[in-house]
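Numbering (the working numbering), first residue to last: 1300 to 1555. Backbone N, C-alpha and C fix where the C-beta goes; we use that ideal spot for every residue, glycine too. Predicted model, so just to flag it, every value in this text is computed and none were measured. Only one structure is covered here, and it is reproduced in the block below.
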């Protein structure tokens, strides 16, 4: 699986599952390419423009308010990760989306033996993948925003693991990155319509954002265009938790 990683056998695992159709890629490059492709088809991308609120008139979403003014729209899709919950709260939608922090170290491959497949070592809570000229190790999950001490410990542990399985990485400078996954209690996203007309949700995908991105986008685009989505959206409803419905509205009590 990884020619040249002679110490991999010392990690301490006995069995594995090989997924022949599994693959890896660069999510950032994919996102950039998707934006460029959308703009070719007359989409308009506005960067560095902060959305402050979703504007609603008579129960209908009519646009958003940003720090540069108002943007009118026929439909509004909220796909803002962790920022989705505070954007929706003023509208009475209380979504339990919480941050779970993960970490990564990215090494330039150079002369380092390239793994033929990515892998997830479940007991160690660490994964690796190679794409382009990058070898990336990722791992761990800390609820909330960790302090500087915890962050330093996590990166140090990730570096020790990487150097343990691939000693050629010793002395190689890695790029550190950490990000917060927008997690939900049942690890399913919020997808589809809600109590506000013309407002659609596409948020709370946790660690599976890129994995579910295209499918979620197809669902949202079907709804915007008035088409029937290919799957049942009941498991992804915004009010599936009952307790987190509109404050003071008995229809959304915890006994529902």
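Going by beta-carbon coordinates alone, are residue 1397 and residue 1511 separated by less than 9 Å?
Numbered from its first residue, the chain shown carries residue 1397 at position 98. Numbered from its first residue, the chain shown carries residue 1511 at position 212. No Cβ-Cβ contact shorter than 9 Å links residue 1397 with residue 1511.
Please identify the residue among 1429, 1480, 1449 whose C-alpha is closest to the C-alpha of residue 1461.
Working through the chain shown from its first residue, we reach residue 1461 at position 162. Comparing Cα positions, the closest option is 1429.
Assumed close pair residue 1495, residue 1360 - CB separation to whole angstroms, cut-off 8 Å:
Here the question's residue 1495 lines up with position 196 in the chain shown. Here the question's residue 1360 lines up with position 61 in the chain shown. Sure, about 5 Å apart at Cβ, within 8 Å.
Going by alpha carbons, who is nearest to residue 1526 out of 1491, 1408, 1389?
One-based indexing of the chain shown puts residue 1526 at position 227. Among 1491, 1408, 1389, the Cα nearest to that of residue 1526 belongs to 1491.
Check whether chain D comes within 9 Å of residue 1337, counting only Cβ atoms and requiring the distance to be less than that.
Absent here is chain D; the protein component of the structure consists of one chain.
Going straight from the alpha carbon of residue 1326 to that of residue 1509, what length do you get?
Translated into the one-based positions of the chain shown, residue 1326 becomes position 27. Translated into the one-based positions of the chain shown, residue 1509 becomes position 210. Answer to the nearest angstrom: the Cα atoms are 7 Å apart.
With DSSP collapsed to three states, give me the class of residue 1349.
Here the question's residue 1349 lines up with position 50 in the chain shown. Here residue 1349 sits in coil by DSSP.
Close beta carbons around residue 1453, own chain, < 6 Å, minus the five adjacent residues each side:
Position 154 of the chain shown, counted from the start, is the residue given in the question as residue 1453. Around residue 1453: 1402, 1439.
Thinking residue 1362 and residue 1372 are a contact (beta carbons under 8 Å), I'd like their distance in whole angstroms, please.
On the chain shown, position 63 is the one that residue 1362 refers to. On the chain shown, position 73 is the one that residue 1372 refers to. Yes, residue 1362 and residue 1372 are in contact; Cβ-Cβ is about 5 Å, under 8 Å.
Neighbourhood of residue 1384 by C-beta, 7 Å cutoff - its chain only, sequence neighbours within 5 removed
Position 85 of the chain shown, counted from the start, is the residue given in the question as residue 1384. The answer, listed in chain order, is 1394, 1396.
Alpha carbon of residue 1407 to alpha carbon of residue 1524, nearest angstrom:
Within the chain shown, numbered from 1, the residue matching residue 1407 stands at position 108. Within the chain shown, numbered from 1, the residue matching residue 1524 stands at position 225. Near 44 Å, if we compare the C-alpha coordinates of residue 1524 and residue 1407.
Output needed for residue 1381: all residues of its chain with C-beta closer than 7 Å, excluding positions within five of it in sequence on either side, in chain order.
Residue mapping note: residue 1381 aligns to position 82 of the chain shown, counting from 1. Same-chain partners within the cutoff: 1396, 1398, 1479, 1481.
Please report the Cβ distance between residue 1487 and residue 1534, rounded to the nearest whole angstrom; I am assuming they are in contact, meaning their Cβ atoms lie under 8 Å.
Residue 1487 sits at position 188 when you count from the first residue of the chain shown. Residue 1534 sits at position 235 when you count from the first residue of the chain shown. 6 Å between Cβ atoms; contact.
Cβ-Cβ distance between residue 1351 and residue 1365 below 9 Å:
Against the chain shown, residue 1351 aligns to sequence position 52. Against the chain shown, residue 1365 aligns to sequence position 66. Cβ atoms of residue 1351 and residue 1365: closer than 9 Å.
By how many angstroms is the C-alpha of residue 1417 removed from the C-alpha of residue 1319?
Walking along the chain shown from the start, residue 1319 turns up at place 20. Walking along the chain shown from the start, residue 1417 turns up at place 118. Whole-angstrom Cα-Cα distance: 11 Å.
Flag this pair as yes or no: are the beta carbons of residue 1501 and residue 1355 separated by less than 9 Å?
Here the question's residue 1501 lines up with position 202 in the chain shown. Here the question's residue 1355 lines up with position 56 in the chain shown. Between residue 1501 and residue 1355, the CB-CB gap reaches or exceeds 9 Å.
Alpha carbon to alpha carbon, how far is residue 1388 from residue 1498?
Indexing the chain shown from 1 puts residue 1388 at position 89. Indexing the chain shown from 1 puts residue 1498 at position 199. Near 13 Å, if we compare the C-alpha coordinates of residue 1498 and residue 1388.
Straight-line gap, residue 1466 to residue 1314 (C-alpha atoms, nearest Å):
Your numbering for residue 1466 matches position 167 in the chain shown. Your numbering for residue 1314 matches position 15 in the chain shown. Approximately 23 Å between the Cα atoms of the pair.
Tell me whether residue 1514 is buried or exposed, calling it buried when 16 or more other Cβ atoms sit within 10 Å of its Cβ.
Mapped onto the chain shown, residue 1514 falls at position 215. Exposed: under 16 other Cβ atoms inside 10 Å.
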